[in-house]
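Colleague:
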Amino acid sequence: MTDIDKRQATDRLAASLFAEVLIAEQLSRNLISKALPRGMQISHFSVLNLLAHVNEERTPAQLAEAFHITRGAMTNTLSRLEWAGHVHIRPDWDDARRKFVSISTAGRSARDAAIAAFMPLIAEVVRDIGADRVRSALPVLRELRIRLEGGPG
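Counting from 1, one number per residue, gives the positions in the sequence shown under the working numbering.
(1) Below 8 Å on the Cβ atoms is my guess for residue 81 versus residue 44; work out the distance and round it to an integer in Å.
(2) By the DSSP assignment, the beta strand (DSSP E) with residue 88 in it spans what residues?
(3) Please list the terminal residues of the continuous alpha helix (DSSP H) segment that includes residue 146.
(4) So what does DSSP say about residue 171, is it helix, strand or coil?
(5) On the DSSP bridge list, what partners appear for residue 47?
(6) DSSP state of residue 102, grouped into three classes?
(7) Report the three-state DSSP secondary structure of residue 74 (helix, strand or coil).
(8) Go through its chain and collect everything with a Cβ distance to residue 32's Cβ below 7 Å, but skip five positions before and after it.
Structure (structure tokens):
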């Protein structure tokens, strides 16, 4: 196999991988969106889930960076979450220009309800595929994510 043939084969493999990832991402989002409690969007759930996992305050800028979105987009999401009573936003007492965000008790309950709604659906997919096959795919998907985030490569 020539270098050109190898490059073309790698290009085809890369195109297939990204096509599958993009389609799986879209289908996953659709599945989860339909199962989320009324009025909750995936972006809302994602923020609540992160805040529940870290269990400490974050600034809007830190949250925007974590989700690779603009600060404006995060501000919009946080405004909706605050309106729903799912997060608390407080000023930084040392720097009035900065704010801190934490998950509220209602937000934790909403996040838990969302997980309860969609977990059976995604667990069924994993059971159908097979836990061992899914487990073997995770290192490749994790490495792909790390590389796309600009990590070591």
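Where a beta carbon is used, it is the ideal one built from N, C-alpha and C, also for glycine.
Modeller: On the basis of the supplied data:
(1) Here residue 81 refers to the residue found at position 81 when the sequence shown is read from its first residue. Here residue 44 refers to the residue found at position 44 when the sequence shown is read from its first residue. 6 Å between Cβ atoms; contact.
(2) On the sequence shown, residue 88 is found 88 positions in, with the first residue counted as 1. 87-91 is the span of the beta strand (DSSP E), which, as asked, contains residue 88.
(3) Stepping through the sequence shown from its first residue, residue 146 is reached at position 146. Residues 131-148.
(4) Only positions 1 to 153 of the chain appear in this structure, which leaves residue 171 out of reach.
(5) Residue 47 sits at position 47 when you count from the first residue of the sequence shown. In the DSSP output, where bridge partners are listed per residue, residue 47 has none listed.
(6) The residue you call residue 102 lines up with position 102 of the sequence shown. Strand, per DSSP.
(7) Translated into the one-based positions of the sequence shown, residue 74 becomes position 74. Three-state result, residue 74: helix.
(8) Walking along the sequence shown from the start, residue 32 turns up at place 32. The residues are 42 and 118.
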